[in-house]
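Trainee: Mind the numbering: the sequence shown is residues 819 to 992 in this note's numbering, read in order.
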Amino acid sequence: MTHNEDNQFTEEFIQTIDNFLADANKLAILGVGNKDNGDDGVGLYITEILQEANLPEWVTIFYCERVPEHFLGKIANLAPNRIIVLDAADMKEIPGAIAIFPKEMIAQGFHLSTHTLSLTMLEEFLKPIIPEIIIFYVGIQPKQTKFMTDLSDECVNAAEEFAELLIERIEKQI
819 MTHNEDNQFT
829 EEFIQTIDNF
839 LADANKLAIL
849 GVGNKDNGDD
859 GVGLYITEIL
869 QEANLPEWVT
879 IFYCERVPEH
889 FLGKIANLAP
899 NRIIVLDAAD
909 MKEIPGAIAI
919 FPKEMIAQGF
929 HLSTHTLSLT
939 MLEEFLKPII
949 PEIIIFYVGI
959 QPKQTKFMTD
969 LSDECVNAAE
979 EFAELLIERI
989 EKQI
């Protein structure tokens, strides 16, 4: 998990992001989710924040919604060596908790989200085309995912904090 008692990101979490970004020559950030289902749209909200930021040219944002596989062609043409996938994830934690999942957990069928099949397909399709690709799966614990509800305050706060951290860490790479 990412937060300590003071609701700050841990040094280990920040270092993990820095290490991931250190060799990035092209970064694709994919927002996955469904805005109509409350906190299931938290990954999309983060991408909306990132789209408003003045990120460097080597960063491309994809607003994938429920179907990241529809963007495989565009992602393959971009040929990023790093991808961050942002999605709600039921980790049985407090709402708004954020975690980074290794691909091995996704491949073994860990239910990161309702979009797990698409996420494994993403890696299976892109790895042969871009062998050096590394994919980061970032999950945010939803509070509720009921149809026609808004994001919870917990997920809004977590999304804004994570987006701010990611912008800061990307800018540090310049």
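Ideal Cβ placement from N, Cα and C applies to all residues, glycine included.
Is it true that the CB of Ile951 sits closer than 7 Å to the CB of Asn895?
Mentor: Taking 7 Å as the Cβ cut-off, Asn895 and Ile951 do not qualify as a contacting pair.
Trainee: In the structure shown, what three-state DSSP assignment does Arg987 receive?
Mentor: It is helical.
Trainee: Put Glu883 into one of helix, strand or coil per three-state DSSP.
Mentor: In the structure shown, Glu883 sits in a strand (DSSP, three-state: E or B).
Trainee: Can you list, in chain order, the residues of its chain with a C-beta nearer than 6 Å to that of Asp858? Leave out the 5 residues immediately preceding and following it.
Mentor: Once the five neighbours on either side are set aside, the close Cβ partners of Asp858 are Gly851, Asn852, Ala906, Thr963.
Trainee: For Asp956, is the classification buried or exposed, using 16 other Cβ atoms within 10 angstroms of its Cβ as the cut-off for buried?
Mentor: With the sequence shown as reference, residue 956 is identified as Val, and Asp is not the correct amino acid for it. So Val956 ends up on the buried side.
Trainee: With DSSP as the reference, label Thr963 as helix, strand or coil.
Mentor: Residue state, collapsed to three classes: coil.
Trainee: Would you kindly report the start and end of the unbroken alpha helix (DSSP H) that includes Gly861?
Mentor: Counting along the chain, the alpha helix (DSSP H) containing Gly861 begins and ends at 860 to 870.
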